[in-house]
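Residue numbers (the numbering used here): 2 to 368. We treat Cβ as the ideally placed atom computed from N, Cα and C, and that holds for glycine. Data block below; observations after.
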Amino acid sequence: MTPADLSRTVLHAVHRAVAENALRAPVPARVRVERTRPGGSGDYACAVALQLAGDAGLPALEVARILRERVAAEPGIGRVEITGPGFLSFTLDAPGDSDRAVLHAVREQGSAYGHGGALRDEVLRFHHAREVRAAVTADAVRRLVVSQGARVRISCEEAGEAEWGLLGVTVDAYGTPPATPSAPLTPIRPVPAGATAGELLERLGPDATRWGLLRPASHDRAPLGDGLLVQGEANPLFLIRYAYARTRALTRGAAALGFTSASDAAPEAPSAPAPYEGPARPLLDLLADHPRVLLTAARHRAPDRVARHLEAVAHAFFDFHDSCPPLPWGDEKPSAAHRSRLALAEAAGTVLAGGLSLLGIRAPAHL
């Protein structure tokens with residue numbers, strides 16, 4: 002990562018913080034980073050938090066914390082520290098380290114990859130109407146905010162359908178509880194589905210029903226036709242689940258050939274450079290972006306963002322898989338390249354399964 006790359010990365014973090022209403026300040030045209038002075042910490046330093054503090058109406062240290070949260074997980078950045086009155090100090094990864102770190106994090110954290118504590122201080126209360134899309138959306142939002150450390154309770158205007166339980170929906174209370182200053186009620190009001198849970202379950206089953214209700218943005222109508230059951234690439238849910246099943250098949254195939262992925266080794270262990278360029282790069286970048294997507298979806302109460310991200314991961318996986326086969330062909334012997342490709346494929350599968358789980362949808366290992 003060059004200083005220009007780092008400057009763009011920090012500026013992008015400022016844009017995101019403003020878009021997410023974490024900061025209310027004008028976005029500067031550019032962000033200046035400079036080499037850390039003797040005795041300082043890290044490789045580069047930036048004073049953007051001090052620059053934004055006045056307009057944001059926040060202490061520079063708080064602005065720095067908001068930006069650090071959005072920069073720390075970016076590829077190429079090893080560590081971000083806050084020093085002095087609010088300077089951001091960056092330590093960059095050695096070439097290739099950030100890629101291996103992403104794959105190691107996915108392997109170590111499993112389906113919890115992307116979960117965090119950014120909302121751990123928040124106590125939330127969601128309220129929705131007696132309507133199936135509202136109930137499923139509230140349940141998915143609960144899963145998302147809990148994955149980021151929040152505590153949450155959900156209430157419904159009145160008792161819902163018995164079939165809600167078959168969709169994995171739970172409600173903590175019925176009736177409209179009074180709002181409290183510490184946890185005011187937040188309404189969950191998507192465009193209604195136009196059908197009951199029982200009707201949808203009978204026609205589509207639980208997984209396709211949840212996908213059909215959650216994939217569109219809440220202000221859009223939910224298409225709930227038979228296309229949700231199509232076993233082909235035109236159906237995004239099928240594509241995602243098929244991609245996950247394919248990653249599991251690759252792991253089984255590698256085991257039959259007597260090798261495992263490069264991620265079985267500790268990240269510090271020496272290994273051949275991972276071939277994560279070309280078709281592999283978009284996939285790896287999407288996996289690295291997964292924690293940010295989950296946090297943004299939780300903050301905006303928008304499970305559709307997770308659904309769209311999973312679609313992108315599935316498409317990138319198949320582009321990578323078809324161009325860079327993780328398993329050897331014919332008489333070809335397993336190599337370091339195959340182990341690295343397998344590690345990337347397995348990480349993609351983990352992210353796909355974890356994302357579907359947050360939407361309340363199963364990821365079958367065989368499809």
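DSSP beta-bridge partners of residue i
i	result
Val34	Cys47
Thr261	The partner list for Thr261 (beta bridge, DSSP) is empty, contrary to what the question assumes.
Tyr114	Answer is none; Tyr114 lacks a bridge partner.
Ala184	Thr181
Ser42	According to DSSP, Ser42 bridges with nothing at all.
Val124	Arg152
Backbone secondary structure at residue i - three-state DSSP
i	result
Arg17	helix
Ile241	helix
Ser272	Note on Ser272: pLDDT 45, under 50, position unreliable in the model; the coordinate value appears next. Reduced to three states, the DSSP call for Ser272 is coil.
His339	helix
His129	strand
Ser156	strand
Val170	coil
Ile362	coil
Ala267	Interpretation of Ala267 is limited by its pLDDT of 43, a score under 50 that renders its predicted location unreliable; the figure taken from the coordinates is listed afterwards. Coil at Ala267, not helix or strand.
Ala5	helix
Sub-8 Å separation of residue i and residue j beta-carbons
i	j	result
Gly169	Gly361	yes
Gly77	Thr92	no
Glu70	Ala119	yes
Val11	Cys47	yes
His339	Phe260	yes
Gly87	Ala54	yes
Gly356	Val307	yes
Pro304	Ala298	yes
Glu181	Glu158	Note on residue identity: the sequence assigns Thr, not Glu, to residue 181. Not a contact, by the Cβ cut-off of 8 Å.
Leu202	Glu164	yes
Thr252	Glu123	no
Gly1	Glu162	What is shown of the chain runs 2 to 368, which leaves residue 1 out entirely.
Leu345	Leu104	yes
Leu7	Val34	yes
Val49	Leu89	yes
Gly254	Leu328	yes
Leu230	Ala196	no
Thr187	Arg126	yes
Leu295	Gln149	yes
Span of the beta strand (DSSP E), counted from its first residue to its last, around residue i
i	result
Pro292	No beta strand (DSSP E) contains Pro292, which is instead part of the alpha helix (DSSP H) from 281–301.
Pro304	It is not in any beta strand (DSSP E) - Pro304 instead sits in the alpha helix (DSSP H) that spans 304–324.
Leu89	88–93
First and last residue of the uninterrupted alpha helix (DSSP H) at residue i
i	result
Leu215	198–215
Glu82	Counting along the chain, Glu82 falls outside any alpha helix (DSSP H), though it belongs to the beta strand (DSSP E) covering 78–84.
Leu62	61–72
May I ask you to verify whether the stretch 184–202 touches the stretch 128–137, counting CB pairs closer than 8 Å and requiring at least 3? yes
Is it a yes or a no for the stretch 318–325 touching the stretch 108–124, going by three-plus beta-carbon pairs under 8 Å? no
Touch check for the stretch 234–249 and the stretch 303–315: three-plus C-beta pairs under 8 Å? Yes, they touch.
Give a yes or no on contact between the stretch 139–149 and the stretch 352–367, applying the rule of three or more CB pairs nearer than 8 Å. yes
The stretch 105–112 in contact with the stretch 171–180 per 3-pair CB rule at 8 Å: no
Count the C-beta pairs between the stretch 50–69 and the stretch 14–30 that are closer than 8 Å, then say yes if the count reaches three, no if not. At 8 Å Cβ cutoff, the stretches touch.
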